[in-house]
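Asks: Counting from 65, one number per residue, gives the positions in the sequence shown under this note's numbering. The structure is given below, and queries will be raised subsequently.
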Amino acid sequence: MKSKHVAVLLGGFSSERPVSLSSGKACADALEQEGYQVTRVDVGRDVGSVLAELKPDVAFNALHGPFGEDGTIQGILEYLGIPYSHSGVLASALAMNKEQAKKIVKSVGVPVAESKVANRFSIQNKHPMKPPYVVKPVSEGSSFGVVIVSEGQSHPPQVIGSSDWKYGDTVMVERYIHGRELTCAVMGDVALGVCEIIPTGHSFYDYDSKYVAGGSKHECPAKVSPNIYQKIQTLALKAHQAVGCRGVSRSDFRYDDRHSENGEVVWLEVNTQPGMTPTSLVPEIAAHAGHRFGELLSWMVEDASCLR
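This is the structure we're talking about:
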């Protein structure tokens with residue numbers, strides 16, 4: 065029996081709270097089955113005092129979205145001296161800002177899509193770049209606020225400038241990459257398998273594709289040529305290391321093979337807090353690499369530290 069007391073941080077108050085509750089429950093249940101003493105902590109503004117009183121050996125971070133994966137909760141855990149899973153303060157903050165992360169990984173030779181950062185109101189009347197392109201909040205996850213502008217569209221999407229928009233005024237405009245959605249998990253300093261995500265009934269890998277059962281089909285391992293498979297593993301590990309990630313991360317790619325098998329591979333982003341729900345990719349990729357769910361989580365608990 066493992067004697068470590070693990071506080072599983074879940075819920076929180078970002079727009080991704082439902083995902084975090086689901087991830088957190090799955091992780092807490094599996095860690096208990098592995099023999100850890102587990103306390104589930106639904107994170108509120110008082111999380112610092114809650115954890116100071118609880119004094120766990122390790123904090124397993126199952127939060128998603130702002131506060132949970134942008135370096136904020138990581139800073140609180142550093143201050144309290146509680147070892148924690150996943151990436152540290154700087155890597156978390158960098159990865160959460162899509163444009164800054166792209167600059168970092170581009171500098172080590174990882175191919176990225178051409179993009180620019182703009183105020184959402186400045187692009188509502190005139191195309192910021194030639195369509196097709198994608199508009200996404202610069203610091204959100206789970207595909208919240210992602211809008212695809214197709215080739216023939218005469219004007220930018222009006223939702224960007226509307227009062228209903230709740231993802232901040234700074235957006236990233238990125239060239240739309242045709243092709244297949246591929247993703248690769250990294251565990252420590254090892255790139256695990258590559259998986260293809262095929263949205264079912266959705267134009268792209270949106271929120272429902274990710275978290276609703278049957279929203280997408282996962283082809284694990286991805287049916288691509290060995291050289292493309294290996295290339296994606298190499299790029300995922302490069303991105304993980306360049307941003308300074310720790311523990312487990314997941315990099316997303318587009319692969320345009322319409323004109324040749326070698327095609328174009330483009331890195332989109334790195335997720336420092338990838339989903340750990342029953343439909344999530346990292347547990348599935350890890351299973352194909354020979355790590356069952358409980359073993360993966362145990363590794364993450366044992367890998368936890370401060371000063372990450």
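All residues carry an ideal CB built from backbone N, CA and C; glycine is no exception.
May I ask which residues mark the beginning and end of the beta strand (DSSP E) holding P130?
Replies: Indexing the sequence shown from 1 puts residue 130 at position 66. It is not in any beta strand (DSSP E) - P130 carries neither H nor E in the DSSP assignment.
Asks: So, with DSSP's three-state summary, where would you put W229?
Replies: For the purposes of this step, residue 229 is taken as the residue at position 165 of the sequence shown. Residue state, collapsed to three classes: coil.
Asks: In whole angstroms, give me the CA-to-CA distance for V111 and S67.
Replies: Residue mapping note: residue 111 aligns to position 47 of the sequence shown, counting from 1. Residue mapping note: residue 67 aligns to position 3 of the sequence shown, counting from 1. Distance between the alpha carbons of V111 and S67: 23 Å.
Asks: In terms of residue numbering, what span does the beta strand (DSSP E) encompassing L73 cover?
Replies: Mapped onto the sequence shown, residue 73 falls at position 9. Counting along the chain, the beta strand (DSSP E) containing L73 begins and ends at 69 to 74.
Asks: Roughly how many whole angstroms lie between the Cα atoms of Q138 and G152?
Replies: Looking up residue 138 in the sequence shown gives position 74. Looking up residue 152 in the sequence shown gives position 88. Q138 and G152: Cα-Cα distance of roughly 6 Å.
Asks: Can you grab the Cα-Cα spacing for the pair P201 / V213, in whole Å?
Replies: Within the sequence shown, numbered from 1, the residue matching residue 201 stands at position 137. Within the sequence shown, numbered from 1, the residue matching residue 213 stands at position 149. Cα to Cα, P201 sits roughly 14 Å from V213.
Asks: The alpha helix (DSSP H) with A116 in it runs from where to where?
Replies: Stepping through the sequence shown from its first residue, residue 116 is reached at position 52. 111 to 118 is the span of the alpha helix (DSSP H), which, as asked, contains A116.
Asks: Do A286 and E260 count as a contact pair if the criterion is CB distance below 8 Å?
Replies: Locating residue 260 in the sequence shown gives position 196, where the first residue counts as 1. Locating residue 286 in the sequence shown gives position 222, where the first residue counts as 1. A contact, by the Cβ cut-off of 8 Å.
Asks: Going by Cα to Cα distance, which pick from L361, V288, P263 is closest to G311?
Replies: Here the question's residue 311 lines up with position 247 in the sequence shown. Of L361, V288, P263, the residue nearest in Cα terms is L361.
Asks: Measuring from the CB of E359, is there a heavy atom of the ligand ADP at a distance below 7 Å?
Replies: Absence of the ligand ADP from the depicted structure is noted, as is the absence of any ligand whatsoever, leaving it without description.
Asks: With a CB to CB cut of under 6 Å and the five nearest residues on each side skipped, what residues in its chain are close to K170?
Replies: Position 106 of the sequence shown holds residue 170. Only V176 meet the Cβ criterion.
Asks: Might you give, ordered along the chain, the residues of its own chain that have their beta carbon closer than 7 Å to the beta carbon of S84, omitting 5 neighbours on each side?
Replies: Residue numbering aside, residue 84 sits at position 20 when the sequence shown is read from its first letter. Excluding sequence neighbours, S84 sits near L74, G75, G76, A126, L127, H128, G132.
Asks: Can you name the start and end residues of the beta strand (DSSP E) that S315 belongs to?
Replies: What you label residue 315 is simply residue 251 of the sequence shown in a count that begins at 1. Taken as a continuous stretch (DSSP letters only), the beta strand (DSSP E) holding S315 covers 312 to 320.
Asks: Looking at C-alpha atoms only, which residue of R314, E142, S179, T343 is the closest neighbour of S369?
Replies: Working through the sequence shown from its first residue, we reach residue 369 at position 305. The residue with the shortest Cα to Cα distance from S369 is E142.
Asks: Around the Cβ of Q297, are there at least 16 other Cβ atoms within 10 angstroms (buried) or fewer (exposed)?
Replies: Against the sequence shown, residue 297 aligns to sequence position 233. The residue in question, Q297, is buried, as its Cβ has 16 or more Cβ neighbours within 10 Å.
Asks: Ignoring anything shorter than 3 residues or poking outside the region 179 to 260, list the beta strand (DSSP E) runs there in chain order.
Replies: Fully enclosed beta strand (DSSP E) runs of 3 or longer: 179 to 183, 197 to 201, 211 to 213, 234 to 239, 244 to 251.
Asks: Going by other Cβ atoms of all chains shown within 10 Å of its Cβ, with 16 needed for buried, is P338 buried or exposed?
Replies: The count along the sequence shown starts at 1 and reaches residue 338 at position 274. Label assigned to P338: buried.
Asks: From the DSSP output, in three-state form, read off Y148 for me.
Replies: In the sequence shown, counting from the first residue as 1, residue 148 sits at position 84. Strand, per DSSP.
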